[in-house]
Amino acid sequence: MAEVCACCEESVQWWVRLRSHPDLPICHNCLGGLNAQRDGQLQLASGQWIVTGFEPVFAVADVERAAAFYEQLGFETSRHDATYAFAHRDRDLTIHLAKTEGASLPGHGALYLHCQDADRVAEDWRSAGVTVAGPEDQDYGKREGSVTDPDGNLIRFGAPLRATPSDAGD
Ligand SMILES: [Zn+2]
């Protein structure tokens with residue numbers, strides 16, 4: 002049965018309740034929004050940037066073949082384009098399936114870190130003497146950079162693209 006979320010006021014099929022206010026259903030989207038608020042507060046309190054999520058990036062020779070395999074395992078898949086797909090399972094697991102290009106080899110994956118401010122991560126790691134690529138704005142709504150460890154393991158990091166002050170005219 003549908004309920005109206007006390008936070009966004011959308012009619013929703015699934016929700017959680019505050020123990021003290023069981024009459025106030027909170028939808029899963031808004032619960033995620035509350036977690037993002039918590040992450041923002043933790044970041045403020047610690048004075049450090051924090052990792053808000055992380056995902057493996059598997060390098061694959063054939064994206065469709067890889068997606069079909071993960072579907073067989075019971076994952077849901079979604080395609081970004083012919084060279085990039087995602088395999089999702091439950092709330093937190095997303096595996097990126099990235100077609101190899103250039104010098105990258107199938108089976109040699111990467112780690113994707115989600116953060117709130119990619120520039121801050123880059124600045125922090127650069128000031129520690131690490132070589133950082135980017136970050137740069139990407140057409141899929143992320144600002145992303147990367148570092149490579151001494152053995153060649155790639156760590157990509159990205160934050161949601163935010164409107165710059167000059168875009169915020171309306
Ligand atoms: Zn809601």
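For the sequence shown, position 90 (counting from the first letter as 1) is numbered 91 according to the numbering used here, and the numbering increases by one without interruption. All C-beta atoms in this analysis are idealised placements derived from N, C-alpha and C, irrespective of residue type, glycine included.
For this session: With Val61 as the anchor, note down where its beta strand (DSSP E) starts and where it stops.
Result: 54-61
Exercise. Going by C-alpha distance, which of Thr78, Asn154, Pro26, Glu11 is nearest Ser105?
Worked result: Asn154
Problem set entry | Expected contact under 8 Å - CB spacing of Val64 and Tyr113 to nearest Å | At roughly 16 Å, the Cβ-Cβ gap does not stay under 8 Å, so Val64 and Tyr113 are not in contact.
Exercise. Mapping DSSP to helix, strand and coil, what is Gly153?
Worked result: coil
Exercise. Hey, would you say Lys143 sits closer than 9 Å to Ala119, going by beta carbons?
Worked result: yes
Exercise. Cα-Cα, which of Gln14, Ala160, Arg121 is closest to His115?
Worked result: Ala160
For this session: Taking only runs that begin and end inside the stretch 74-157, name each unbroken alpha helix (DSSP H) of 4 or more residues, in chain order.
Result: 119-128
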